[in-house]
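Residue numbers (this note's numbering): 199 to 389.
Note that CB positions come from ideal geometry on N, CA and C, so glycine has one too.
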């Protein structure tokens, strides 16, 4: 597998069109990872492997565009990391930005113009969310609440004594995954 450093050197010599073999090596790894993410993030009733693969192909294509734009603009640091790992990181960011609810909590509309039944459902949803939040330890609850209140990962890392902001960010995403697992039955009920 080609590294990011080797990719940048080849890109400087050959340009984008001369890197077909290197990209073809990354394609199966990246699309399979992305397809698994798309498939697992879909509700249990709407999971379709073929659609997940199509979506993964589209996201991989977008990731390649970003890779080449960043290489042209010299925004990529030469690293001895596999190019496929770098492309997976781009795919992950594209998924996170494209699909509301991928590693973020979906918005809850609490407007006053609802019927009694909808209001009761929202109350149950909020109660379930509170129940799920209580399953997190106090430090993680503070992290989730702090981030939702608009604090940065750096502020929360300092405030909650995490090693650095990357650890706070990773812990935050672990918390969201835990909340998703806990809330899965409720979300599937509303889908």
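Burial state of residue i (16 or more Cβ within 10 Å)
i: residue 368; result: exposed
i: residue 263; result: exposed
i: residue 299; result: Reliability of the predicted coordinates at residue 299 is poor, the pLDDT of 41 falling under 50, and the value obtained from them is presented with this limitation in mind. Exposed, because fewer than 16 other Cβ atoms sit within 10 Å of the Cβ of residue 299.
i: residue 351; result: buried
i: residue 312; result: In this prediction, residue 312 has a pLDDT of 48, which is less than 50 and means its spatial position is unreliable; nothing more can be read from the coordinates.
i: residue 174; result: Look at the range of the chain in this structure, 199 to 389, and you will see that residue 174 is not part of it.
i: residue 302; result: Its pLDDT being 41, under 50, residue 302 is placed unreliably by the model, and nothing is read from it.
i: residue 205; result: buried
CB of residue i within 8 Å of CB of residue j, strictly
i: residue 327; j: residue 373; result: no
i: residue 276; j: residue 337; result: no
i: residue 293; j: residue 261; result: no
i: residue 378; j: residue 345; result: no
i: residue 229; j: residue 254; result: yes
i: residue 288; j: residue 265; result: yes
i: residue 150; j: residue 322; result: A query on residue 150 cannot be resolved here, the shown segment of the chain reaching from 199 to 389 and no further.
Member of the options whose CA lies at the smallest distance from the CA of residue i
i: residue 279; options: 224, 257 and 246; result: 224
i: residue 207; options: 238, 251, 234 and 274; result: 274
i: residue 181; options: 347, 212 and 219; result: Here the chain covers residues 199 to 389 and nothing more, so residue 181 does not appear.
i: residue 233; options: 258, 353, 220 and 219; result: 258
Supposed close pair residue i, residue j - CB separation, criterion 8 Å
i: residue 227; j: residue 282; result: 4 Å
i: residue 333; j: residue 380; result: 6 Å
Minimum Cβ-Cβ distance from residue i to chain B less than 8 Å
i: residue 199; result: Of the protein chains in this structure there is only one, and it is not chain B.
Bridge partners - residue i, DSSP secondary structure assignment
i: residue 280; result: 201
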